[in-house]
Amino acid sequence: MSLILVFCFHFPDAVFAFQLRNPVHNGHALLMQDTRRRLLERGYKHPVLLLHPLGGWTKDDDVPLDWRMKQHAAVLEEEVLDPKSTIVAIFPSPMLYAGPTEVQWHCRARMVAGANFYIVGRDPAGMPHPETKKDLYEPTHGGKVLTMAPGLTSVEIIPFRVAAYNKAKKAMDFYDPERHNEFDFISGTRMRKLAREGENPPDGFMAPKAWKILTDYYASLEKNN
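Residues -17 to -1, 1 to 208, numbered by mature numbering (1 follows the signal peptide of the UniProt record, and there is no 0), are exactly what the sequence shown covers, in order.
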């Protein structure tokens, strides 16, 4: 069944898409919640989220798709994202790290699928130099490319706002440079290390049931080894 047909069952007046290759933490959720809020403020009555994880090849140390889908289901079960207005579908594409070309492919594919808003990630054009390993593009380059790319006629680009863990609020929050000391940037590497060691992240970083899926995954690796 096509996504356009699935959307029809929900009667949306806006569809906004979010792509990721990692487990959903509350920083991701904050971006999606904020996009929904902004669409409602603009007069939309029933915006629907397309949570569209990559289903093709990703890095070898990434969490596999089947475990990510279990984790996404737990996020919806705990209602961090509204299950009534969220559609989860697998995007069967590999992560190629192909810079601006891949950014346009990701966006156009969602437009053709029926999304009319696309949340573009921070550093979506991530592509390291083969020798220096430094990024060839600065973090906002992918978003800028999409504003100029031909053919993206029916999709609006929603820029990614930087979210980090607010130690004072004990919750994920949009980063404010003027309050830099309040924030803790929990990297994917650090998140995986905590889960691998069976430890808990700071309160408010991820839904507890969703975190349990991650720790179960890494525990299963230990058993297999």
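Heads up, the beta-carbon is just placed ideally off N, CA and C, and yes, glycines get one too.
Start-to-end residues for the alpha helix (DSSP H) that takes in residue i
| i | result |
| --- | --- |
| N9 | N9 to E24 |
| V128 | H124 to M131 |
| L197 | P191 to N207 |
Where the beta strand (DSSP E) through residue i begins and ends
| i | result |
| --- | --- |
| T69 | T69 to V71 |
| residue 212 | Residue 212 lies beyond the residue range present for the chain, which begins at -17 and ends at 208; the question has no answer from this structure. |
| M155 | A154 to F157 |
Integer Cβ distance of residue i from residue j, believed to fall under 8 Å
| i | j | result |
| --- | --- | --- |
| Y80 | G109 | 6 Å |
| V(-3) | N99 | 6 Å |
| F1 | L32 | 7 Å |
| G125 | V63 | Rounded, the Cβ-Cβ distance is 26 Å, inconsistent with contact. |
Whether residue i touches residue j by CB criterion (9 Å)
| i | j | result |
| --- | --- | --- |
| D45 | N5 | yes |
| L13 | M155 | yes |
| L204 | G97 | no |
| M15 | I140 | no |
| R144 | D43 | no |
| Q54 | V128 | no |
Counterpart residues of residue i in DSSP-defined beta bridges
| i | result |
| --- | --- |
| V58 | DSSP lists no partner for V58. |
Three CB pairs or more closer than 8 Å across the region 179 to 198 and the region 56 to 69: A contact exists between the region 179 to 198 and the region 56 to 69.
Stretch pair the region -14 to -7 + the region 17 to 27: three plus CB contacts closer than 8 Å: No, they do not touch.
Hey, is the region 176 to 187 in contact with the region 148 to 158, meaning 3+ C-beta pairs nearer than 8 Å? The answer is yes - the region 148 to 158 touches the region 176 to 187, with three or more Cβ pairs under 8 Å.
Counting Cβ pairs, one atom from each stretch, are 3 or more of them under 8 Å apart for the region 30 to 49 and the region 67 to 77? When Cβ pairs closer than 8 Å are counted between the two stretches, the region 30 to 49 is seen to touch the region 67 to 77, the count reaching three or more.
With three or more C-beta pairs closer than 8 Å as the rule, is the region 128 to 145 touching the region 87 to 107? Output reads yes: the region 128 to 145 touches the region 87 to 107.
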